[in-house]
Amino acid sequence: MARDSQAALVALNRFGFGARGGASGDLINAASDPRGFVKAELARPNAVLLEAPGLQSTPQLGQAVFVYQDQVKQAREAAAKAGAPTEAPSQAPADQKSGLRRNLSLNAAATEIAGQMAEVRPTDNKPADNAAKPDTMQPNAAAPPAAKPAPQPLNVIQKTFRAEALARLQRATLVECGFTERLVVFWSNHFCISASKGELARIWAGAFEREAIRPHVLGRFADMLKAVEQHPAMLFFLDNQQSLGPDSRAGQNRKRGLNENLAREIMELHTLGVGGGYTQDDVTSLARIITGWTFAGRQGQLGAPGSFVFNVNAHQPGPQMLLGKTYEPSGLAQGEAALADIARHPSTANFIATKFVRHFVADDPPPALVARLRDVFIKTDGDLKALATALVESDEAWQAPLTKMRSPYDFLVASGRLLARVPEDPGAYLNNLNLLGQPLWSPAGPNGFPDTSAAWAAPEGIKLRLDIAAQMGARLGPNIDPLDLLEFAAADAASIETRKTIERAESRQQALALLLMSPEMQRR
Amino acid sequence: MIDCVENRLLTSRRGLLLGGASFAAWAYLPKFARAADGRDPRLIVVILRGALDGLSTVAPIGDPDYAGLHGAIALTADGAHPAIMLDTFFALHPAMPEFARMYRDTHAAVIHAVATPYRDRSHFDGQDVLESGYAGPGRVQSGWLNRALEALPRGERVSSALAVGPTTPLVLRGNAPTVGWAPVALPQADDDTAMRLVELYRHRDPALAAVLSQGLQLEKAASGDDMKPKPGNQVAQMRQVARGAAKLMASDDGPRIAALAFDGWDTHANEGGPVGRLAFLLGGLDGALAEFESGLGERWRDTVVVVATEFGRTARINGTDGTDHGTGTIALLAGGAVKGGRVIADWPGLKPANLFEARDLKPTTDLRSVIKGVLQGQFGLSDRVLAETVFPDSASARPMKGLVT
């Protein structure tokens, strides 16, 4: 087959994380069989799973937080008894400071930067019982310390977050095409939680993706939906662990009741989409149906601390009408039946197909392609591998010009791959993601990070990318040949202007910065 | 990859830490900025994202159904933290003493039972409607404030401005150029590299050429020696961004029209009453208004600050001592140019039959009328421009008269 570098660019950049430098031969391989290159990863669903030494399960991590919080409490009590100023272990950095954020990416960045600073010095003395007090939108009001205490070791939450981040970044850097990793990022953002909700959310962010997203990226949508909505991280993020059936035993005893946060976002953001045909009554109904979906707390009365449990005492008794159908009382099964029906609702097929095409192909998704993917979704009962395959096999995905902006995450990963640098520490990536407005696993709201070029091609954002690229150039430029890298990245699909700009650069450092910022590296 | 960055972050002179706050401004002075009458109007739009509980901020204490609906978090006129009576019916949250003072001085007003034309309950669509100024969601290319700017005579360019966030808030997005500033915490690319890249983009990617050029200009325009990072909580940060914004807007060649957004108002659980989470955030908002007042100095007399949110919250508290997404809420006006000292409300009542969909405060005032009234009062925009361009298809929402002195 003739080499087609332009199609290779589509294969690597639209579907994947960009060509790896070094001896990978990615561009040549992709050019000889672009579709086959992308589809190869779809044949290996187990390769989507992420296991690395030291990465723990959600209950294990929940237990670790509870233990840590107890230690903080004891240290504080001991200090109070001694009349000395509190010297607690350092706290999770950004958790208490940020709250729910939307479209304020650099704020998030700045806040996270504050978090980075906090990692080496405790700046607050917030009570450690975040799990019991999910109102983490309230930042602590403690005054900053007058003098910088000595650096503190990372706490278990910070350590876990960084280990999870590192495993994800290493995987993204090393995989061949990166299509399945891009799918993971897509679905993880679709079903996002935010680590800034609190300590449990931060420690669980990586496990949530490994446990609820990855196993189903090439599986069934309904399975992913169920795994997500029953995951403690999601139940915590959208307050469902607090929601009680008003007529349940717990609701009656505690004089508390519904919280419809999760139910609404399930329909609005996860499945049917706004305008997908549900009403306020449906939101309230679903909220009642999923009362009792919670996770076991530190006492472990309902199960292993930090594991999903169905608390029948919190569950609203009785039948519920949802989207025109009555769901008889059947405990946990009532909600599972409702989710299964919502998953195969035509509005869900339409919403998912549209979002999927918008992510991979164009901000204005070609209607014919959306319609075809919607039909695939319906016909296969939400087979996500079939959905991905249909996308790769479409003509539109290969013909549409590469006009989407790479997100900050895509840009940083693609740069690392081209430079053949496997990260050994996630710190630089995390900092740069904060600066560029895409703090890892910490979107401003439950709708996730934006997915349009307009959101990322903003003046400050692009200027900051240039500053980051210039830093990479300064550090790594002396040892590489930028024209070799251009061959790896785009070969003869590179524009004459890009090639000339790199050739005429005043230094290798400058050449590398310009290459990383070239349209070939920024667009996908 | 870049391990040198973190250290420099700590020492960056211009790094600015702002939690849950953003600011952006029009890049030009209005032509009439120094008009003969000496009036030099300023407008600051504050967007509260997440849906503010209007019934907890300005409580209708005189409504017999309020206390029952708002239950454990209802404000009262007595007790340890009494609400501040604004008149015989409405009381202000005790966390807002500065706003109360402005109200007494007739430089602040409340508009109650107000809403945009949006009647569903999605934050994201609701924010789109609030900020875009269109009657329905999905129109996110430009915001009403930007379209209002396009209708103003453009004078000189402002010398400096400040913004946070790599994206401009939708309300200020559009054709009229805006300026902003991001907390540059990195050593910057040199000018030569930047110019080469602009040149490449000009040939291959004009859209990126435009945004990068703008980004480079903003960087040059930014200033702020006393904008050093100060660790602090969200309230301190709200005050801080307001202080910085006020300083820029007070100067003769600084921006006149700006937008700012505060996050975190989505109080589904444990909202709190006179003290607690909402109280904390309201204290931050109150502090920010006070910063505007003091920072703008004598220009405060020409200023209007509009505070608006995408929708309200349920009249009845939910099962977790919070409130879910609702409809009617409040808008606040503050500033020396506000004809204040009053709560403007066509009060619908809180009886079950009077609630919107039997659950939310029923909106009786269109938020667009309020904003139109302010735009007209401050800048003299015509009914027609307001009804066709700034808020398309909004002729029925007539500008509210007499909001501005």
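Each protein sequence line maps, in turn, to chains X and D. Counting from 3, one number per residue, gives the positions in the first sequence under this note's numbering. Counting from 3, one number per residue, gives the positions in the second sequence under this note's numbering. Cβ atoms here follow ideal geometry from the backbone N, Cα and C, with glycine treated the same way.
Please work out which residues of its chain come closer than 8 Å, Cβ to Cβ, to residue i, disregarding the five sequence neighbours upstream and downstream, and give them in chain order.
i	result
X/L57	A165, E166, A169, G208, A209, R212
X/F353	T273, L274, G275, G278
D/K341	T108, A111, G404, L405, V406, T407
X/P36	D6, A9, A10, V12, A13, W400
D/A85	A61, I63, L77, T78, A79, A93, L94, H95, P96, P276
X/R256	L246
X/L51	R212, R216, P217
What is the residue span of the alpha helix (DSSP H) that residue i lies within?
i	result
X/V67	60 to 84
X/F39	36 to 41
D/W146	146 to 152
X/M236	234 to 239
D/G375	369 to 381
X/M534	As shown, chain X starts at 3 and ends at 526. That puts residue 534 of chain X outside it, with no answer to give.
X/A342	334 to 345
Should residue i be flagged as near chain D, meaning a C-beta pair shorter than 8 Å?
i	result
X/A459	yes
X/E231	no
X/M139	Note that X/M139 has pLDDT 28, beneath the 50 cutoff, so the model's placement of it is unreliable and no number is given.
X/S309	no
X/A515	yes
X/D366	no
X/M519	yes
X/N191	no
X/D469	yes
X/V276	yes
X/N127	At X/N127 the pLDDT is 33, less than 50, meaning the model places this residue with poor confidence; the figure from the coordinates comes in the next sentence. X/N127 does not count as touching chain D.
X/L260	yes
X/Q524	yes
Which residue or residues does DSSP assign as beta-bridge partners of residue i?
i	result
D/R361	In the DSSP output, where bridge partners are listed per residue, D/R361 has none listed.
D/D265	D/R51
X/F310	X/F297
D/V309	D/V48, D/L334
X/P369	DSSP lists no partner for X/P369.
What do you reckon, are the CB atoms on residue i and residue j nearer than 8 Å?
i	j	result
X/P448	X/L304	no
X/L264	X/F238	no
X/T500	D/L202	yes
D/G328	D/T311	no
X/Q322	X/S287	yes
X/F297	X/F312	no
X/E262	X/E43	no
D/M251	D/G286	no
X/F362	X/A21	no
X/G450	X/H192	yes
X/A513	X/G479	yes
X/R184	X/F358	no
D/G176	D/G128	no
X/L259	D/N320	Here the sequence assigns Gly to residue 259 of chain X, which means Leu is not the residue at that position. Contact flag set, yes.
Strictly under 8 Å for the Cβ-Cβ distance: is residue i near chain X by that measure?
i	result
D/A310	no
D/H1	Outside the displayed span of chain D (3 to 407) sits residue 1 of chain D, for which this structure offers no information.
D/F126	yes
D/L151	no
D/H270	yes
D/L335	no
D/D207	yes
D/N356	no
D/N320	yes
D/A196	yes
D/R123	yes
D/V213	yes
D/E359	yes
Please go through the same chain and pick out, in chain order, the residues whose beta-carbon is closer than 7 Å to the beta-carbon of residue i, but skip the five residues on each side of it.
i	result
X/G337	I291, I292, W295
X/I115	Unreliable positioning characterises X/I115 in this predicted model, as indicated by a pLDDT of 28, which lies under 50. A coordinate reading is not provided.
D/L214	L199, V200, Y203
X/Q243	L237, T296, F297
Only counting the same chain, and skipping five residues up and downstream in sequence, which positions put a Cβ closer than 6 Å to that of residue i?
i	result
X/I159	A94, E201, R204, I205
X/V40	A13, F17, C179, F181, V394
X/S396	L371
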